[in-house]
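Single-structure report; data block below.
Residue numbers (our numbering): 8 to 541.
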């Protein structure tokens, strides 16, 4: 025990906020954390046995991607997305997610689910079919939005996969912590609390790609013949990697949009966030105006020529969310009811799990997000937001580099990543003790003990571990081997929570719901879009 405690004892003034008072409060009110809500979204590409993208449409046996509660598509027909309902039990959420994987694995025939965030070798991006949602106005708009994404950012960027972790603190927490009476009267206070979480996430969330980033390499086909100034190493075949990278998915090579960095969207107030977001979807873009809304033949190219076609186009590592009502914009839902939960978007696909994410990651995120809520979070200026992005970029490009330093705010002050990581984990372990006391276990503390070792030994990080396999077999070779291993594993396992009858019913009901929507349309697609713009 002495050595373990020594691991968590390092802390210096100004490395991280002083959270000692808040942690003492938490230790005196452990029940406040009972009832955390979680939901998981996992994306995965369908590929053939050779690891190349499937060219088939979304399997009909899975139902309607537009209306299915658990199984949909993201950008492309080949990009599956699995969604779990909100649950207060991590293990049950992950079992539900695994049941979806088990069912889908059996429906895919010879196709597999790709186990990495970055795609393998891509022969021809023109053959990537946009996700299709039927003939309803809503369905056509979803596909057209994706056409815009393809034309603005390329299809390659859009087939990068990730995991989203949706997290909400129980009302009891806000009642104890912020003297809230109920969700409605306390919505402004609760929203302010979640925005505090988000500001701290921007400042310290680089710890997520450091620990869990799993995309240190790309296929050379991903560059599509473009020259790169990055010091890639290569196997001389199809694989490129950076020796200390953690998550190229989160780099400028991956799922980002430089043109959005100047939008001035900060997280100091809900009204400020929403007004900046609404301004972005109404601000014309010279670049996208030059592209036009339609081509010379009258084919649609994008929804509009604004900086953002719709609010979901804002690329962010974390988002404030509220479940929307029918036809309601996400920002209008936030203004109506306040922030209901937050969506963490910085997780790479975990290649060491057949479902792309595991319980250790979920427990770490619980700890970190609670800490982000408790820690003081001064207002975040647009300039500091850019400074925080530099920290993230350092970690995603060279996070395992010996002696790497992290900036603090926009000052010249820097600390070693190891020092900051260990200071953070000293706090997280106290949160872990509270959560474990509620559950009568030591699982959260075990996660802390296991992960903190990654700061002294970067070889324990996901990126280092998967890079060994990629160097040995190539990106596509390593992906094919894992995909086949997980396919056999999932196909051999029985369902635990859901039944085949549940999947059959959900598929049939989703198809019927799509057909009903298509039958109910009474205006043309052009008029539908004009009405939305108005």
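Ideal Cβ positions, reconstructed from N, Cα and C, are used throughout, including at glycine.
Taken through DSSP and simplified to helix, strand or coil, residue 88 comes out as strand.
Across the set 500, 512, 435 and 391, the C-alpha of 435 shows the shortest separation from the C-alpha of residue 31.
Counting every other CB atom within 10 Å of its CB across the protein chains shown gives residue 504 a total below 16, marking it as exposed. The beta carbons of residue 406 and residue 216 sit closer together than 9 Å. For residue 260, the secondary structure class from DSSP, reduced to helix, strand or coil, is coil. In the three-state reduction of the DSSP assignment, residue 449 falls in the coil class, being assigned neither a helical nor a strand state. In the three-state reduction of the DSSP assignment, residue 111 falls in the helix class. For residue 48, the closest C-alpha among the options 25, 24, 95 and 101 is that of 101. By a beta-carbon distance limit of 8 Å, residue 166 does not contact residue 197. Their separation comes to about 36 Å. Pairing residue 333 with residue 422, the inter-Cα distance amounts to about 48 Å. Residue pairing by DSSP places residue 174 opposite 45 and 349 in a beta bridge.
For residue 336, same chain residues with a beta-carbon under 7 Å away, outside a window of 5 residues either side, are 318 in chain order. By the C-beta criterion, the region 513 to 526 is judged not to be in contact with the region 282 to 293, since fewer than 3 inter-stretch pairs fall below 8 Å.
Cβ contact annotation for residue 157 (same chain, cutoff 7 Å, sequence separation greater than five): 137 and 165, in chain order. By the CB criterion at 9 Å, residue 128 and residue 483 fall inside the cutoff. By the neighbour-count criterion, in which a residue is buried when 16 or more other Cβ atoms sit within 10 angstroms of its Cβ, residue 320 is buried. Contact between the region 459 to 474 and the region 423 to 432 is present, with at least three C-beta pairs closer than 8 Å. Taking one beta carbon from each stretch, the region 495 to 513 and the region 144 to 159 have fewer than 3 pairs nearer than 8 Å; the two do not touch. Bounds of any beta strand (DSSP E) do not take in residue 71, whose DSSP letter is neither H nor E. Boundaries of the beta strand (DSSP E) around residue 247: 246 to 248. By the neighbour-count criterion, in which 16 or more other beta carbons inside 10 Å mark a residue as buried, residue 439 falls on the buried side.
DSSP lists 421 as the beta-bridge partner residues of residue 414.
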